[in-house]
Each structure stands twice: as structure tokens, then as C-alpha cells.
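Since the structure comes first, as C-alpha cells, the remarks are kept for the end.
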Amino acid sequence: MYGQIAANKRKTVLLMVVFIVLVAGLGWLFGAYVDEPLITPYVLVGAGIYVLITYFTGSKLALSINGAKEIQKSDNPRLWRMVENLSITEGMPMPKVYIMDDPAPNAFATGRDPNHAIVAATTGLLDMMDDQELQGVMAHELGHVKNYDIRVSMVAFALVAVISILADIMLRMTWFRNRDNDNGGQLFFIMGIAAAILAPLVATMIQLAISRRREYLADATGALSTRYPEGLARALEKIGAYGSTMRKQNASTAHLFFANPLRKSSFSGLFSTHPPVDERVRRLREMGRAA
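Residue numbers for the sequence shown follow the numbering used here, beginning at 82 and rising by one.
Okay, structure coming up:
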């Protein structure tokens with residue numbers, strides 16, 4: 082399990098480096114096109130500001146969009162005690178606990194650090210899972226908090242937005258600018274069109290790869306916490322058989338959930354924020370055999 086955790090962390094760092102290089106490269110191209118080579122640092126500073134805004138407002142937005150309601154111990158002692166016991170096991174502060182009224186079995190965690198953490202579960206998850214399975218799911222969610230995945234997710238989300246905005250500006254400027262009279266105008270016209278089309282797609286793919294990698298990491302962390310990977314594996318199998326599509330759906334918060342809350346499409350595998358359930362189950366059972 083420790084090997085899985087270390088490998089996932091290394092791969093996430095690599096993906097984030099590629100992401101930042103992509104932002105810087107697009108900023109340089111934009112600066113070269115408008116003949117302002119020093120614009121790149123301003124692009125990076127602007128991206129940082131956008132990350133901070135998204136980071137500090139993301140939790141409230143996620144709770145509001147998904148209709149999550151805060152509970153106390155008396156409202157659902159089973160869920161509350163389970164989160165409390167897992168928090169003690171991990172040496173973490175007790176997060177706030179929320180419930181979403183939805184028949185789909187799902188859950189998510191948010192919060193900028195363990196001191197401001199929130200975990201939420203659907204009524205469907207509580208009804209469907211036995212104690213070992215529910216414990217596995219909630220340990221997975223606390224794993225996200227422990228690993229500071231919300232920071233990684235929000236940075237990736239904000240960088241995608243910055244790249245999309247830059248690409249859109251470049252596309253408009255490239256199209257309307259008189260390229261025939263500019264030095265290298267034809268070259269930058271081609272580069273601008275290519276960047277405007279490909280950069281948002283590449284950025285989205287990197288974001289999705291980061292999200293999938295963090296799911297594997299949270300699976301391994303949760304299994305390490307409970308010392309029982311089979312509970313989480315069984316929960317995933319149940320969700321895979323039943324489905325995890327939520328009644329309230331929003332693509333901007335889909336990456337936070339335990340399982341993909343969006344309706345599947347023909348491109349669901351390529352553009353999914355979550356790795357395949359079968360692959361997650363396989364890795365968990367390998368951990369169980371290796372333990």
C-alpha cells in the first residue's frame with residue numbers, strides 16, 4: 082500500500098509540472114503574438130490569483146450545488162461515529178458531516194485542509210452499504226482530506242479555466258488581426274489557431290488524469306487506514322452494479338465525488354474524472370493480498 086501511495090504522489094507532481102509548463106508556454110505564445118514578451122509572469126500571477134479565489138470559495142459552492150445539509154451526531158449516529166472513529170485513527174480533526182438526499186450511492190469530501198474539512202454522503206450510500214463498506218468509503222474520503230487533494234483539484238480546475246480564457250482571447254485576436262502586415266504574422270496565425278484549439282483540450286486531459294490519479298491515491302490511503310481493502314472493494318462493486326448517477330449533477334464538482342456522479346456518454350471513459358471501477362477494485366484486492 083505504501084508503494085501505491087508513493088507512486089501516485091510522484092505521478093501527480095509530474096502532471097502538475099506539465100500543467101504549469103503548459104500555462105507558461107501559452108502565456109509566452111500570447112506575449113510573443115502581441116509583442117509583449119514580459120506578459121508571461123503576469124499570466125502566471127493571474128493564474129495564481131484565480132487559484133486562490135477558487136480554493137477559498139470551492140467548498141461552499143460544492144455543498145450548495147449538491148444540496149448537502151450539515152448534520153449532528155443525533156441526526157445520524159452511525160455515520161457520525163464512523164467519521165469520528167476514522168478521524169481519531171488518522172489523528173485528524175473531526176470534519177463537519179453532511180448528508181445529501183439522493184438515492185444514488187455516492188460521497189465527497191471538500192475543505193482546504195484537515196482543519197476545515199467536510200465529508201458528505203448520500204442517503205443512498207447509507208441505505209445500501211453495510212458497516213465495513215461504508216467505513217471503506219468514508220476512509221477514502223478522509224484520505225482525500227489527509228492527502229490535501231482539494232488543493233490539487235482546485236489548482237487543476239483553475240489552471241484549466243485560465244488556459245481556456247487565454248486560448249479564447251488568442252483565437253479572437255488571431256482571427257481579427259491583420260496578419261499579412263505583421264512580421265511572422267502567418268506563422269503566429271497558424272500557431273495561435275493550433276494553441277487555441279489544442280491547449281484547452283490538453284489542459285482538460287491533464288486535469289482528468291490528475292483527478293483519476295488522486296482517486297487511486299485515496300483508495301490506497303483509505304485501505305491503509307481501515308486495514309481492510311475488501312470493504313472498499315465491495316462498496317465499489319455495489320456502486321458499479323447499481324450506478325452512481327446523481328439527480329443533481331454539475332460537471333464543476335464531479336471530480337470531488339467518490340464515484341462519477343454524471344450520466345455516462347460514449348466518451349465517458351476518455352473524459353471521466355474517475356478511473357474505471359473494475360480497475361479500482363483490482364488494485365484494492367492486490368493490496369489485500371500483498372498485506
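Positions of the beta carbon are idealized from the N, C-alpha and C atoms, including for glycine.
Computed from a prediction, not measured in an experiment: that's the story for all the values here.
For my contact list, residue i and residue j are in at a C-beta cut-off of 8 Å; report their separation, rounded to the angstrom.
i	j	result
Ala304	Met368	5 Å
Lys227	Pro195	7 Å
Ile199	Leu144	7 Å
Pro454	Glu296	Nothing about residue 454 can be read from this structure; the chain reaches only from 82 to 372.
Phe100	Leu240	5 Å
Which residue comes first and which comes last in the beta strand (DSSP E) that contains residue i?
i	result
Tyr179	177-181
Ala201	199-203
Lys150	149-151
Between the options, which has its C-alpha nearest residue i's C-alpha?
i	options	result
His53	Ile291, Val124, Thr302	Not covered by the structure: residue 53. The range shown for the chain is 82 to 372.
Gln330	Leu142, Met97, Ile146	Ile146
Just the Cα atoms here: how many angstroms apart are residue i and residue j?
i	j	result
Val178	Arg193	15 Å
Val358	Gln216	18 Å
Ser349	Ala299	The predicted position of Ser349 is uncertain, since its pLDDT is 46 and thus under 50; a value taken from the coordinates is nonetheless stated next. About 21 Å.
Gly129	Arg315	40 Å
Arg232	Tyr123	22 Å
Val132	Val102	16 Å
Trp109	Ala340	37 Å
Arg344	Thr302	27 Å
Ser347	Ile244	Note on Ser347: pLDDT 42, under 50, position unreliable in the model; no value is reported.
Ile120	Asp230	30 Å
Lys141	Ala190	12 Å
Arg293	Thr354	6 Å
For the alpha helix (DSSP H) containing residue i, list its first residue and its last residue.
i	result
Phe137	120-146
Lys227	212-227
Thr191	Note, Thr191: premise wrong, no alpha helix (DSSP H); beta strand (DSSP E) at 188-191.
Met327	Premise fails: Met327 is in no alpha helix (DSSP H) and is neither H nor E.
- Can we say the region 159-169 touches the region 277-286, given the rule of at least three CB pairs closer than 8 Å? no
- Message: Below 8 Å, how does it come out for the region 214-226 and the region 170-184: are there three or more Cβ pairs, yes or no?
- Response: yes
- Count the CB pairs spanning the region 180-188 and the region 149-161 that are closer than 8 Å, and state whether there are at least three. yes
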